[in-house]
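Residue numbers (mature numbering (1 follows the signal peptide of the UniProt record, and there is no 0)): -22 to -1, 1 to 156.
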């Protein structure tokens, strides 16, 4: 009888060790969040060192400034197309352009690379060139959450005389504020 009790105890112990437990589950919540802050981003430009390049306006090669005005518009520094501005929805923004590095009496000028001669020019917010774009006449808007083109329209006015041949240039600071 001792052998039967011992055998029964061994079988009971092994049976308990081999028993299958019922499947179960536990549930809980995982919180998900994102904070979108007020802001604006400029795309299609390039970053070089500590500065941003928002593109260029190239009036091309001209033999005379006396016959007619010369128009051109900005292109992005990152290639074809134009600079774009994307601001958070409902964020008010302004874009201003200063008068450049060669301004005289509040007028923009491109300067001859190898001299002091100047060529006047103006920048505008619209293709009709009726809305001057500077620090006093800023582009204003409200973000939609979708990028908009920031095309700058340039014009060299007809001149009384054509200055010496050479490369004329200027650099204008673009400020986006929100």
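Note that beta-carbon positions come from the ideal geometry of N, C-alpha and C, so glycine has one too.
Residue 116 and residue 72 have their C-alpha atoms roughly 6 Å apart.
Taking 7 Å as the cut-off, the Cβ atoms of residue 55 and residue 31 count as close.
Restricting attention to 145, 107, 75, the CA atom closest to the CA of residue 91 is found in 145.
The Cβ-Cβ distance between residue 87 and residue 98 falls below 7 Å. Residue state for residue 62 is assigned as strand, using DSSP reduced to three classes. When the five nearest sequence neighbours on each side are left out, the beta carbons in the same chain lying within less than 8 Å of the beta carbon of residue 67 are those of 121, 122, 123, in order along the chain. Around the C-beta of residue 150, 16 or more other C-beta atoms lie within 10 Å, and the residue is accordingly described as buried. Residue 88 sits in a strand when the DSSP states are folded into three classes. Bridge partners of residue 51 according to DSSP: 131. In this structure residue 42 does not touch residue 118 by the C-beta definition: roughly 37 Å separates them, more than the 8 Å allowed.
With contacts defined by Cβ atoms closer than 7 Å, residue 35 and residue 50 form a contacting pair.
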